[in-house]
Ligand SMILES: [Zn+2]
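Numbering (my numbering), first residue to last: 260 to 533.
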């Protein structure tokens, strides 16, 4: 009898676990990920000049691209990175983010979150197109933009939020954007003080990691390379260590946003991965 009771208790606890899993699976809505072209790549870049502080990549030329992303989470939308500005000359996008959204029958008013990996100009150019969206950005990047910014930091695209006109949420550490673990801004400092990468957990494709500028190209990622304009070498190496452990543990697809060779890891616009 005692054995029977013990067995019933085990069976009961198993069914509780099974129910809990079903519930959490149901609470995460459908998620999709779409890539936008957010700048016009020029001739391949000699990455031995600025993208190393150890004289690496001698003579290596890499095709740099500019990527932004749309994440659909149920009925909510989020844009990750705002690319080059439309007035960026030769590297300006051929089609604006707003016009690419229109091709998906979306307006900026429908974008709940405009999330920024870091404050560099090629990631913030069109942020001003989303005045009704909540701006998500690393706290230490926000501080760099708003407290006596250095000459290399341009706060102008954020004027709407700096003057209090827009909703703002800063992230000192990781930020679980929708509270269900499906979309997480990962604190990966070093390229800039508040730099973040993004985890997007897709049902069919599996977890995807968008690097931000933790790495700019595959050789940079594989060898933990540190560009000579990063703000902190030690933080960069620590972020590489953490990012690679996450990628391994989750068996994630790693997408290096600036590397043309990684574009094909997602379906071509306007299609989305899910
Ligand atoms: Zn950057």
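Beta carbons: idealized from backbone N, C-alpha and C, even for Gly.
From a predicted model like this one, the values you see are computed outputs, not experimental measurements.
{"Check": "Residues that residue 345 bridges to, as DSSP identifies them", "Outcome": "Its beta-bridge partners do not exist; DSSP assigns none."}
{"Check": "Same chain, Cβ closer than 8 Å to residue 392, neighbours up to 5 away in sequence not counted", "Outcome": "338, 367, 370, 371, 372, 373, 425, 426"}
{"Check": "Three-pair Cβ contact test at 8 Å for the stretch 302-321 versus the stretch 352-367", "Outcome": "no"}
{"Check": "Status (buried if at least 16 other CB within 10 Å, exposed otherwise) for residue 440", "Outcome": "exposed"}
{"Check": "Spatial neighbours of residue 365 in its chain, beta-carbon cut-off 7 Å, leaving aside the 5 residues before and after", "Outcome": "336"}
{"Check": "Distance CB(residue 290)-CB(residue 459) smaller than 8 Å", "Outcome": "yes"}
{"Check": "Simplified DSSP state of residue 446, which is helix, strand or coil", "Outcome": "strand"}
{"Check": "Short Cβ contact (8 Å threshold) for residue 491 with residue 449", "Outcome": "yes"}
{"Check": "Buried or exposed (CB count within 10 angstroms, at least 16 for buried), residue 409", "Outcome": "exposed"}
{"Check": "Rounded straight-line distance, which links the Cα of residue 349 to that of residue 444", "Outcome": "30 Å"}
{"Check": "Test item: CB-CB of residue 292 and residue 473 under 8 Å", "Outcome": "no"}
{"Check": "Buried/exposed call for residue 465, threshold 16 Cβ in 10 Å", "Outcome": "exposed"}
{"Check": "Per-residue DSSP class, three states only, for residue 275", "Outcome": "Because residue 275 carries a pLDDT of 47, less than 50, the predicted location of this residue cannot be relied on, and no value is offered for it."}
{"Check": "Anticipated Cβ contact below 8 Å, residue 386 with residue 375, distance rounded", "Outcome": "7 Å"}
{"Check": "Coarse secondary structure for residue 293, derived from DSSP in three states", "Outcome": "strand"}
{"Check": "Paired residues, beta bridge with residue 328 - DSSP", "Outcome": "294, 339"}
{"Check": "Ligand 1 heavy atom lying under 7 Å from the CB of residue 419", "Outcome": "no"}
{"Check": "Integer Cβ distance of residue 297 from residue 314, believed to fall under 8 Å", "Outcome": "Rounded, the Cβ-Cβ distance is 31 Å, inconsistent with contact."}
{"Check": "Local Cβ density within 10 Å of residue 343, reported as buried at 16 or more and exposed below that", "Outcome": "buried"}
{"Check": "Where residue 456 falls: helix, strand or coil (DSSP)", "Outcome": "strand"}
{"Check": "Proximal residues to residue 312 (C-beta, below 6 Å), its chain only, five neighbours per side dropped", "Outcome": "485, 487"}
{"Check": "For residue 526, the residue or residues it bridges with in DSSP", "Outcome": "Its beta-bridge partners do not exist; DSSP assigns none."}
{"Check": "Same chain, Cβ closer than 8 Å to residue 482, neighbours up to 5 away in sequence not counted", "Outcome": "315"}
{"Check": "Which listed residue (529, 478, 507) has its alpha carbon closest to that of residue 521", "Outcome": "478"}
{"Check": "Residue nearest to residue 496 in terms of C-alpha spacing, selected from 381, 395, 480, 509", "Outcome": "480"}
{"Check": "Limits of the beta strand (DSSP E) - the one that residue 437 falls within", "Outcome": "Neither: residue 437 is in no beta strand (DSSP E) and is coded neither H nor E."}
{"Check": "Whole-number beta carbon distance between residue 304 and residue 323, since they are thought to touch under 8 Å", "Outcome": "5 Å"}
{"Check": "Where residue 435 falls, given that 16 or more other Cβ within 10 Å makes a residue buried", "Outcome": "exposed"}
{"Check": "DSSP-derived helix/strand/coil call for residue 396", "Outcome": "strand"}
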